[in-house]
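Engineer: Heads up: the protein sequence lines correspond to chains A and B, in order.
All residue numbers for the first sequence refer to the UniProt record's numbering, where the first residue is 1 and numbers rise by one.
All residue numbers for the second sequence refer to the UniProt record's numbering, where the first residue is 1 and numbers rise by one.
Glycine included, each C-beta is placed from N, C-alpha and C at the ideal position.
The structure displayed is predicted, hence computed values, not measured ones.
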Amino acid sequence: MKLRSLLTFTLTLTLGLCAVSAQEQVALQLDLPKPLFVGTPRPIKMANLEVFSHKRPDFMVPAGTVLLSAGKEVTSSDEFPVIGELGFVTDGDKTGMDGSFLEIGPGTQWVQIDLGASSPLAAIVVWHFHSQARVYHDFIVQVSDDKTFKTGVTTLYNTDDDNSSALGAGKDVNYIESNMGRIVDAKGTKARYVRLYSNGNTSNELNHYCEVEVFGTPAK
Amino acid sequence: MSPVWQRWLPLALIACFALGLRVWDLDRRPMHADEANQAVKAGQLLAGQGYTFDPADHHGPTLYYAVLPVAWLRGEHTLAQLSETTVRLVPAIAGTVAVLLLYFLALPLGHRPALLAAAFFTLSPPAVYYSRYFIQESLLLAFALGALFSGMQWWRSGRLGWALAAGVCAGLMQATKASAPLFVLAALAGLAVARPLPPAPAQIRRHLIFSLLMAVFVAGLFYSSFGTHFAGLGAAWDTYTTFGTRLAAGLTGHEKPWWYYFSLFGWRQEGGVITHQLGISLLALSGLVVALFSTKRTLLRGAAGFTVVLVLILSFASYKTPWHVIHLGPGLAILAAGALGAVPERWTQAGNLMAFVVLFTLSSQVKLTSFQRPADERNPYAYVHTSPDILKIRPLADASDGPVRVISEEVWPLPWYWRGLNNVGYWNTVPDDCDGTLVIASAGLAGQVEAKLKGRYTSSFVGLRPGFTLVVFKRQP
Numbered sequence: 001m002k003l004r005s006l007l008t009f010t011l012t013l014t015l016g017l018c019a020v021s022a023q024e025q026v027a028l029q030l031d032l033p034k035p036l037f038v039g040t041p042r043p044i045k046m047a048n049l050e051v052f053s054h055k056r057p058d059f060m061v062p063a064g065t066v067l068l069s070a071g072k073e074v075t076s077s078d079e080f081p082v083i084g085e086l087g088f089v090t091d092g093d094k095t096g097m098d099g100s101f102l103e104i105g106p107g108t109q110w111v112q113i114d115l116g117a118s119s120p121l122a123a124i125v126v127w128h129f130h131s132q133a134r135v136y137h138d139f140i141v142q143v144s145d146d147k148t149f150k151t152g153v154t155t156l157y158n159t160d161d162d163n164s165s166a167l168g169a170g171k172d173v174n175y176i177e178s179n180m181g182r183i184v185d186a187k188g189t190k191a192r193y194v195r196l197y198s199n200g201n202t203s204n205e206l207n208h209y210c211e212v213e214v215f216g217t218p219a220k
Numbered sequence: 001m002s003p004v005w006q007r008w009l010p011l012a013l014i015a016c017f018a019l020g021l022r023v024w025d026l027d028r029r030p031m032h033a034d035e036a037n038q039a040v041k042a043g044q045l046l047a048g049q050g051y052t053f054d055p056a057d058h059h060g061p062t063l064y065y066a067v068l069p070v071a072w073l074r075g076e077h078t079l080a081q082l083s084e085t086t087v088r089l090v091p092a093i094a095g096t097v098a099v100l101l102l103y104f105l106a107l108p109l110g111h112r113p114a115l116l117a118a119a120f121f122t123l124s125p126p127a128v129y130y131s132r133y134f135i136q137e138s139l140l141l142a143f144a145l146g147a148l149f150s151g152m153q154w155w156r157s158g159r160l161g162w163a164l165a166a167g168v169c170a171g172l173m174q175a176t177k178a179s180a181p182l183f184v185l186a187a188l189a190g191l192a193v194a195r196p197l198p199p200a201p202a203q204i205r206r207h208l209i210f211s212l213l214m215a216v217f218v219a220g221l222f223y224s225s226f227g228t229h230f231a232g233l234g235a236a237w238d239t240y241t242t243f244g245t246r247l248a249a250g251l252t253g254h255e256k257p258w259w260y261y262f263s264l265f266g267w268r269q270e271g272g273v274i275t276h277q278l279g280i281s282l283l284a285l286s287g288l289v290v291a292l293f294s295t296k297r298t299l300l301r302g303a304a305g306f307t308v309v310l311v312l313i314l315s316f317a318s319y320k321t322p323w324h325v326i327h328l329g330p331g332l333a334i335l336a337a338g339a340l341g342a343v344p345e346r347w348t349q350a351g352n353l354m355a356f357v358v359l360f361t362l363s364s365q366v367k368l369t370s371f372q373r374p375a376d377e378r379n380p381y382a383y384v385h386t387s388p389d390i391l392k393i394r395p396l397a398d399a400s401d402g403p404v405r406v407i408s409e410e411v412w413p414l415p416w417y418w419r420g421l422n423n424v425g426y427w428n429t430v431p432d433d434c435d436g437t438l439v440i441a442s443a444g445l446a447g448q449v450e451a452k453l454k455g456r457y458t459s460s461f462v463g464l465r466p467g468f469t470l471v472v473f474k475r476q477p
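1) With 16 other CB atoms within 10 Å as the buried threshold, where does alanine 163 of chain B fall?
2) CB tryptophan 416 of chain B to CB alanine 39 of chain B, shorter than 7 Å?
3) Below 8 Å on the Cβ atoms is my contact criterion, and I expect threonine 386 of chain B with proline 30 of chain B to pass it. Report the Cβ-Cβ distance as a whole number of Å.
4) For glycine 447 of chain B and arginine 405 of chain B, which I take to be in contact (beta-carbon distance under 8 Å), what is that distance rounded to the nearest angstrom?
5) Tell me the residue span of the beta strand (DSSP E) that contains aspartate 114 of chain A.
6) Can you list, in chain order, the residues of its chain whose CB lies under 7 Å from that of threonine 52 of chain B, leaving out five sequence neighbours each side?
7) Mark valine 66 of chain A as exposed unless 16 or more other C-beta atoms lie within 10 angstroms of its C-beta, in which case mark it buried.
8) Please return the same chain residues whose Cβ sits closer than 7 Å to the Cβ of lysine 474 of chain B, not counting the five positions on each side in sequence.
9) Quick check on alanine 399 of chain B: buried or exposed, where buried means 16 or more other Cβ atoms within 10 Å of its Cβ?
10) Which two residues bound the contiguous beta strand (DSSP E) that contains asparagine 204 of chain A?
11) Determine the closest residue to valine 358 of chain B out of B:Leu109, B:Leu68, B:Phe121, with distance taken between C-alpha atoms.
12) Is proline 201 of chain B close to chain A, meaning its C-beta is less than 7 Å from at least one C-beta of that chain?
13) Just to make sure I have the definition right: I need the residues of chain A whose C-beta is within less than 9 Å of the C-beta of residue 480 of chain B. Which are they?
14) Am I right that phenylalanine 134 of chain B and alanine 178 of chain B are in contact with their C-beta atoms under 8 Å? What's the rounded C-beta distance?
15) Verify whether the separation of the beta carbon atoms of tyrosine 261 of chain B and leucine 314 of chain B is less than 7 Å.
16) Strictly under 7 Å for the Cβ-Cβ distance: is asparagine 204 of chain A near chain B by that measure?
17) Leaving aside the five residues before and after tryptophan 127 of chain A along the sequence, list all residues of the same chain whose C-beta is less than 6 Å from its C-beta, in chain order.
18) Please name the residue, chosen from A:Val135, A:Val89, A:Gly116, A:Pro57, that lies closest to alanine 219 of chain A on a Cα-to-Cα basis.
19) Show which residues of chain B have a CB atom less than 7 Å away from the CB atom of threonine 103 of chain A.
20) Is there a Cβ from chain A that is less than 7 Å from the Cβ of residue 479 of chain B?
21) Examine chain A for any beta-carbon lying closer than 7 Å to the beta-carbon of proline 374 of chain B, and answer yes or no.
22) Measuring alpha carbon to alpha carbon, tell me which of B:Ala18, B:Gly161, B:Trp155 ends up nearest valine 97 of chain B.
23) Alanine 249 of chain B: buried (16+ other C-beta within 10 angstroms of its C-beta) or exposed?
24) Measure the C-alpha to C-alpha separation of threonine 86 of chain B and arginine 22 of chain B and round it to an integer number of angstroms.
25) Measuring CB to CB, does leucine 453 of chain B end up less than 7 Å from valine 462 of chain B?
26) I need the straight-line Cα distance from leucine 15 of chain A to proline 120 of chain A, nearest angstrom please.
27) Residues of chain A with CB under 7 Å from valine 462 of chain B, in chain order?
28) Only counting the same chain, and skipping five residues up and downstream in sequence, which positions put a Cβ closer than 8 Å to that of threonine 217 of chain A?
29) Use the C-beta contact count for glycine 43 of chain B: other C-beta atoms within 10 angstroms, 16 or more gives buried, fewer gives exposed.
30) When you compare the CB of proline 30 of chain B with every CB in chain A, is at least one pair closer than 7 Å?
31) Which of helix, strand or coil does DSSP assign to glutamine 6 of chain B?
32) Which same chain residues, not among the five before or five after glutamate 76 of chain B, have their C-beta less than 8 Å away from its C-beta?
33) Straight-line CA distance for arginine 206 of chain B to methionine 152 of chain B?
34) Where does lysine 41 of chain B fall in DSSP's three states?
35) Could you give the uninterrupted runs of the beta strand (DSSP E) lying entirely in the region 370-429 of chain B, keeping only those of 3 residues or more?
36) Which residue from B:Gln174, B:Val184, B:Leu464, B:Val289 puts its Cα closest to that of phenylalanine 306 of chain B?
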């Protein structure tokens, strides 16, 4: 009888915890810009390239997750952007129209967002450039509490399969840019700085950012 | 300093600068599909495989034959040896010769305005860009300026030699591009507007007949592949019927609004990149006004008539490509120089400042369009240009020791980058057997290709052109 009660109690507790846990997960709500494409990118179904779709499953984040990056300071490997300003990365304007995107130099370049405090991160969403079907090479997302990214670096996404950017080879899928942006799972990693790399794209040698949004739980 | 030095040293400096701008770092920009296609034809001619004129999709023969002496001088004798620099030296040299010819053509305005006209054209953004581009335009322009200069000399001196020289240049124009008659029309319009003194020659009709015969002979020589392919003569005529049919059906693929060329000489902002030619355009407009109200400036009126009629013809035709703007450059340069030449002496300083400002803005635009963003789709001269990504292609094939397959609706400029390789095959549709050590498929066909691949492959992506992506499959051991 005691054993049965114990089992019942354990089961109830587990179900209860699961229920609470499920309640804590909510779909990430994104404010998507209007599509700038005429038509849809040709569907490519490859091992290394994601199938393009106008729909994607909800991305679940813990309840209480908020946008942490709005208006936060942005630095870059290219201190003098070719077009736009570094502030465009976190200014909330992701339309992709002229005057709303950042263009930085050729080759491997990065932009870095300082969230102001180390927080558990849920998702990082990036819109590189979405007025044309193109793939950005060696797209890498790293987070750290070290401003210089020399210690405590966690790589969340990496498409550099041949390690041409010398940050380690990655196996994540390439994707065609669209107005839907790319959601990178931050898996609750705690960090203050978010750094995004790219190495040109299939249209030109330059690197672009319309917007980057970092979601997480505010530091207490 | 002696007057000779004062006269020739500035011109020599301008010519050297023009050549430097046109040859510097010639192989940096990836090959455009049209350049690649023509370079392969030139390479086949160089390798002794001959040349026959194709009226369907190609222009005249001079460009290919002009590659030969340059390639020989650089020690290149096969398609595999032929380089981007070698083929692009041809338009670069022609573009420099055009600068010199423009100086001599503008001399009736005076030495200083002629130098200014040459300087303006030296720094004309489309002239620099398309003089570094392996297509026919700068060659056609040089021959057209040669014909105009020779014609002008004949008109003044009455010497048969100049009439024959004009005929040779006209023949070379026709052998370069079928659009040559448009320039003759524009030149006649310029002549009508210029109203020069009667010509010096006593035997005008005889000279004109000799000139025409010379033009026909020279053009015939090239179109018949120097007497080895007489069917080329008929094919040269077929160009007009073929193009006329496509033009009437609106099938050229280059249809644009009437104001397209005006936009290239005005102000454009695309994707944050600003390109303009406002300075030279405003100055040329001033020159046009001077030409209209001056009865003395014959050359200025002629340049105005030639340029306006050419603009009208090009704008009226629905077929428009940006490289045609190179032909408007000399007229605008002469008109701009004429405007500054008309500035009263007491405002000389202001005129000098204006010339400096225009030259400065032109040079900044040359830097942007020819050197900083030569293949950027926001550059109005980089027309449907190949992505720099394509430069990754050759090392991939070099590292491949087995068959290489390209399965794509569009393949150029890949055959140029893989010239000299014997293990490459091209398919427009998906074949039954897709396997190879390296398989390149267009994004549209990649799914079907992958379904037919046997064995283990990795895939990566290379841009052929903005918006056109290739999928690269590499077979794994």
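Structural biologist: In this structure, then:
1) For alanine 163 of chain B, the number of other beta carbons within 10 angstroms of its own is at least 16, and it is reported as buried.
2) The Cβ atoms of tryptophan 416 of chain B and alanine 39 of chain B lie closer than 7 Å to each other.
3) Indeed they touch by this definition, with Cβ atoms about 4 Å apart.
4) No, glycine 447 of chain B and arginine 405 of chain B are not in contact; Cβ-Cβ is about 16 Å, not under 8 Å.
5) From DSSP, the beta strand (DSSP E) with aspartate 114 of chain A extends over 108-127.
6) Once the five neighbours on either side are set aside, the close Cβ partners of threonine 52 of chain B are Ser225, His229, Gly232.
7) Burial call: exposed.
8) If we look at lysine 474 of chain B and ignore the five residues flanking it on each side, its Cβ neighbours are Leu438, Tyr457, Thr458.
9) Residue environment for alanine 399 of chain B: exposed (fewer than 16 other C-beta atoms within 10 angstroms of its C-beta).
10) Where asparagine 204 of chain A is concerned, there is no enclosing beta strand (DSSP E), given that its DSSP letter is neither H nor E.
11) The closest CA to that of valine 358 of chain B, considering only B:Leu109, B:Leu68, B:Phe121, is found on B:Phe121.
12) Output row for proline 201 of chain B: interface = no.
13) In the structure as shown, chain B begins at 1 and stops at 477. Residue 480 of chain B is therefore absent and cannot be evaluated.
14) Rounded to whole angstroms, the Cβ separation of phenylalanine 134 of chain B and alanine 178 of chain B is 18 Å, and the two are not in contact under 8 Å.
15) The beta carbons of tyrosine 261 of chain B and leucine 314 of chain B sit closer together than 7 Å.
16) So, interface residue.
17) Cβ neighbours of tryptophan 127 of chain A beyond the five flanking positions: Lys94, Gly181, Cys210, Glu211.
18) Among A:Val135, A:Val89, A:Gly116, A:Pro57, the Cα nearest to that of alanine 219 of chain A belongs to A:Gly116.
19) Per the sequence presented here, residue 103 of chain A reads as glutamate, with threonine not at that position. Gly272, listed in chain order.
20) There is simply no residue 479 of chain B to check, as chain B begins at 1 and stops at 477 in what is shown.
21) Not an interface residue.
22) If we check each option's Cα against that of valine 97 of chain B, B:Ala18 comes out closest.
23) It counts as exposed.
24) Roughly 13 Å between the two C-alpha positions.
25) No, they are not a contact pair.
26) Interpretation of leucine 15 of chain A is limited by its pLDDT of 49, a score under 50 that renders its predicted location unreliable; no figure is taken from the coordinates.
27) In chain order: Thr202.
28) Leaving aside the five residues that flank threonine 217 of chain A on each side, the residues in its chain whose CB is nearer than 8 Å to its CB run, in chain order, Pro62, Gly64, Thr65, Val66, Ser119, Pro120, Ala122.
29) Under the 10 Å beta carbon count, glycine 43 of chain B is surrounded by 16 or more other beta carbons and is classified as buried.
30) No - not a single Cβ of chain A is within 7 Å of the one on proline 30 of chain B.
31) Of the three classes helix, strand and coil, the one that applies to glutamine 6 of chain B here is helix, per DSSP.
32) The residues are Leu46, Leu82, Ser83, Thr86.
33) If you take the alpha carbons of arginine 206 of chain B and methionine 152 of chain B, they lie about 17 Å apart.
34) In the structure shown, lysine 41 of chain B sits in a helix (DSSP, three-state: H, G or I).
35) With a minimum length of 3 residues, the continuous beta strand (DSSP E) runs that stay inside the region 370-429 of chain B are 404-407, 424-427.
36) It is B:Val184 whose Cα lies nearest to the Cα of phenylalanine 306 of chain B.
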